[in-house]
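There are 2 protein chains.
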Amino acid sequence: CSNKSFSFKEWFHNVWEFCKADVNRVIFALKVGFAVLLVSLLILFRAPYDVFGTNIIWSILTVAIMFEYTVGATFNRGFNRAVGSLLAGVLAVVVAQVALCSGHHVVEPTIIGASIFLIGAVTSFMKLWPSLVPYEYGFRVILFTYCLIIVSGYRMGSPIKTAMDRLYSIAIGAFVTVLVNVLIFPIWAGEQLHNELVKNFNAVADALEECIRKYLEDDGSVHPEFISTVMDEFPDEPAYRRCQATLNSSSKLETLANSAKWEPPHGRFWHCSYPWSEYVKVGAVLRYCAYEVMALHGVLHSEIQAPYNLRIAFQSEILEACNDAAELVRTLGKDISNMIHTPKSTSLKKVHISTERLQRAIDLHSYLLTSSHDNFSNSTKPLTKLSHTLSSTLSDLSYNLSKGGSGNFESSTNPPPQDTTSVPTQAESYHEAMKKQQRRLHSWPSRDVEVFDMGGPEMDNLPRMRALESTATLSLATFTSLLIEFVARLDHLVDSVNELAEMAKFKHEGQGV
Amino acid sequence: CSNKSFSFKEWFHNVWEFCKADVNRVIFALKVGFAVLLVSLLILFRAPYDVFGTNIIWSILTVAIMFEYTVGATFNRGFNRAVGSLLAGVLAVVVAQVALCSGHHVVEPTIIGASIFLIGAVTSFMKLWPSLVPYEYGFRVILFTYCLIIVSGYRMGSPIKTAMDRLYSIAIGAFVTVLVNVLIFPIWAGEQLHNELVKNFNAVADALEECIRKYLEDDGSVHPEFISTVMDEFPDEPAYRRCQATLNSSSKLETLANSAKWEPPHGRFWHCSYPWSEYVKVGAVLRYCAYEVMALHGVLHSEIQAPYNLRIAFQSEILEACNDAAELVRTLGKDISNMIHTPKSTSLKKVHISTERLQRAIDLHSYLLTSSHDNFSNSTKPLTKLSHTLSSTLSDLSYNLSKGGSGNFESSTNPPPQDTTSVPTQAESYHEAMKKQQRRLHSWPSRDVEVFDMGGPEMDNLPRMRALESTATLSLATFTSLLIEFVARLDHLVDSVNELAEMAKFKHEGQGV
């Protein structure tokens, strides 16, 4: 029992945290309750019920269906409902009149039945049409409103009265919904979109810094199995996960922008036709920067790694370029957040200078990146770290090779040690190593091995990728190239933010600087 | 008038193409029409109407709301509706009985009003809770069913009768919906998920091949402006866009898998608890491969490019590795499509061998990638192709520099020509070039210039990224590294497909090969 009360406490704590994280959630819930109560009062009191009859329940349904989280989404849904109901109402009345005019007891239901089938098929087909998908709800409304009006009208005999009563009821529900949603602590989609974009800027900047920091910190000794990291679980990299969320945020931004377009000017977004779609564009350019961060992250967790002391050799340049770039991204985010427009040329120049310094450093020391200069690779432990099992085998192997004293590592024109045919003197030790690896494969307690064990005969000899030493060294070149490409894309990011600032008429500040 | 009839013809053609692309769309539309007609007949005939009264219209509403594209989604929605209606019905009856028992003309409406407010607030809050988001529709149903039953019950005096009639009506609607949806040309979410995953495999393979082909074909002469290509428009790269769609398909796969879980065993997916969630996992690993393709595509359209003849030097190795990798991805897709399980070790070995050959080629010729060997860069035109305007300026500039005969390009330790302070003798021609660039900037008819013109004083001197020659050459190293990383990730893709094949009990084939 005490256990149960404890879990209840925890549950309460979770709910409390959830509310504290965004107090709008509680406000939204209370608003819905209030709106439903308001409409129900209409029915609990005698008068409206006497006028509209049972049709008044449609006002409750309208509130329950129309009340959305943001003002814009509510307007959008309300528009769908209003237009849908109106169209369906007009159509139903016309068809019902035609059917009633015929007066025939077979023709009448036939017309009505055929029209119901037709409306059902046509609306269902239209809502699949790509450009009409956003109005999916409207088509649903048309379908059921049409059916309800025409059928109950047919039964009750007065389709026009039914239609009008229902439309009034829906109008009352819509009116209450809009009133409560807009007047009591409105939650604006525009505001949400604005904050979401700023959050994305910060996520990308944080992820870049985190990625670079880990790349330089990491001495390669504690790499987890790749199989466990190829999927989305990087518990020690919160910024990376936020960056990933940024990559998947395109639909969220679009939905919010679509809702925001329905909102009247409000708060900080005071001028008409505020360029909400420009936010989506900036988000897209930012996403293209985030792709580079993902690629950097891929190199960081790649199985082919440059040796630690080679990475550390360029530490200061990489760090400087990264910090300047992250700083610029963060400044852009802050400017959008504060809706000011500061000239970016200084910080853009700064990041370009530091990137050029990085390029120059790579340029100067590019001999380090080719295998003919092995002053670095000699001083480190073996570089290949592909499949965990194989990499240890290779380290045995290369140890054997270097004991053997063959000059394979010195001359870049010789084939690498993996090629057994050209290293006949090493063949035995190679096979020994392979056998050792095979044993290890069967004792290794990873998921891989389980698959191998279950997998039948073919699984046992699934080959693994191998990397050459020189390619490993070139991984540093890849990393810096991606960083430089990130910086190159910042130009476009600055451009798009400038365009947004122009169109949204952000305040100019520090013009003369 | 002839113009109008022509556009109608075109419209008709579009609709026809839309139907032909997926005939399921037409079937779905006709099915909805049929289901609505079926339910309406219940009302057009006298008998059911006499039993249930106006509550029978709820069966129409149920059909219109419950009828989804796939069987699984219909079941899921039906479950939400059924449980929601049931819960709301029970709750409403209990509260109504309590309120009626009080019998007081003030207490009664107060209890009802308070309960309505509470239900509205609680359901709205719960549907925001992350793990309950999939049941959003269920909470909506609870809210409006509760309000409807309790309010109309209060007015009509018999909440239990109202609740029961409504539940029967809903059950009739749900029954018709399920019957029509399952028995007449059912559209299975599982089938759709299966095909979607296979499509994703093909998209990634196609995009990889397309990207590599363009990288090797492209002689750098017809690069479009980067600003127009940073966004999603690559009209001449259909496979790339499909690959991008793959990146954004995670939510689609998850939705389909969620729906598929509701479906009974059917067709090819005959055994119970078919591992639909495994499809989502394979999709995620595939997406990680697609990230590398995106990075490759980024290098392809990067502003920093390796010279054409350097790229072409490794053509055969790159092409072979790429073709083998694409072949493997396509084979995996085909195996999933045919639900067979063939051993992949041979083709995996093949792609590893060709990747090793590529690595070895890079290894052998790694001296080409460093700036101290300029036998390649001399024979080509200048490599920097950043912002279009600046790159032509730089080509002027480097031309001037080479005319000037300074040894800057030969020695990698000297600062590059862009740095004016260290190349005082070139200062004049540099400034000349800058002026020329400035003029060009104002006459260039791109979007950039417009922004510059509007952009006020600070826009005019927005700096642009510059790249050093050696970094440009290293871009090839980046490209090959990314390709190798793609191949490394294929190991995990093969693993995950094997796991899927195990869990879904695909037919084993070619076991002995």
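The listed protein sequences correspond, in order, to chains R and H. Residues in the first sequence are numbered consecutively from 78, following my numbering. Residues in the second sequence are numbered consecutively from 78, following my numbering. Backbone N, C-alpha and C define an ideal beta-carbon position, used for all residues, glycine too.
In the same chain as R:A367, and ignoring 5 residues on each side of it, the C-beta atoms closer than 7 Å to its own belong to V281, C320, T323, L324, in chain order. Cα atoms of R:T254 and H:T147: separation of roughly 32 Å, rounded to the nearest angstrom. For H:V113, the chain R residues whose C-beta falls within less than 8 Å of its own C-beta are I193, F194, I196, G197, L220, C224, listed in chain order.
With its beta carbon less than 8 Å from one in chain H, R:S558 belongs to the interface. Residue state for H:H418 is assigned as strand, using DSSP reduced to three classes. Around the C-beta of H:G180, fewer than 16 other C-beta atoms lie within 10 Å, and the residue is accordingly described as exposed.
Counting only runs of at least 3 residues, the segment 94-164 of chain H fully encloses no beta strand (DSSP E) element at all.
Between H:L138 and H:I249, the gap from beta carbon to beta carbon reaches 8 Å or more.
Secondary-structure assignment with DSSP links R:F346 through a beta bridge to R:H343. In the DSSP assignment, H:Y368 falls within the alpha helix (DSSP H) that extends over 353-377. Check the Cα spacing between R:V160 and each of R:T423, R:E369, R:K86, R:I219: the tightest is with R:I219.
At a cut-off of 8 Å, the C-beta of R:Y214 has no neighbouring C-beta in chain H.
DSSP places R:H569 within a helical segment (H, G or I) once states are collapsed to three. In the DSSP annotation of this structure, the continuous segment of the alpha helix (DSSP H) that includes H:H271 starts and ends at 266-294. Contact check for R:R364 against R:Y292 fails: the beta carbons are separated by 8 Å or more. Neighbours of H:M416 across chain R, judged by C-beta separation under 7 Å, do not exist; the nearest C-beta is about 17 Å away.
Interface flag for H:W265 against chain R is unset, since no Cβ pair is found closer than 8 Å. Contacts between R:Y231 and chain H, judged by CB atoms closer than 9 Å, involve I120, L121 in chain order. Annotation: H:N325 is outside any alpha helix (DSSP H) and is labelled neither H nor E by DSSP.
In this structure, the CA atom of R:R407 is about 6 Å from the CA atom of R:N279.
The beta-carbon separation of H:W353 and H:L270, rounded to 7 Å, stays under the 8 Å limit for a contact. Secondary structure note for H:E586: it is in no alpha helix (DSSP H), with a DSSP letter that is neither H nor E.
Bounds of any alpha helix (DSSP H) do not take in R:V210, whose DSSP letter is neither H nor E. Between the alpha carbons of H:I561 and H:F583 lies a distance of about 30 Å. For the pair H:G215 and H:N258, the CB atoms are not nearer than the 8 Å cut-off. Residues of chain H whose Cβ lies closer than 7 Å to the Cβ of R:V109 are, in chain order, G197, A198, S201.
Between the C-alpha atoms of H:V574 and H:R290 there is a straight-line separation of about 27 Å.
In the three-state reduction of the DSSP assignment, R:H442 falls in the coil class.
Annotation: H:L377 to H:N153 spans about 44 Å, alpha carbon to alpha carbon. The CB of R:G190 comes closer than 9 Å to the CB of L114, S117, L118, L121 in chain H, given here in chain order. Listed along chain H are A372, G375, each with a C-beta nearer than 8 Å to that of R:E369. Residue environment analysis places R:S350 among the exposed positions, since fewer than 16 neighbouring C-beta atoms fall within 10 angstroms of its C-beta. R:D313 carries a coil assignment under DSSP once its states are collapsed to helix, strand and coil.
Between R:V116 and R:V100 the beta-carbon gap is near 25 Å, outside 8 Å, which marks them as no contact. For the C-beta of H:P186, the chain R residues within less than 8 Å are, from N- to C-terminus, L121. Residue state for R:L225 is assigned as helix, using DSSP reduced to three classes.
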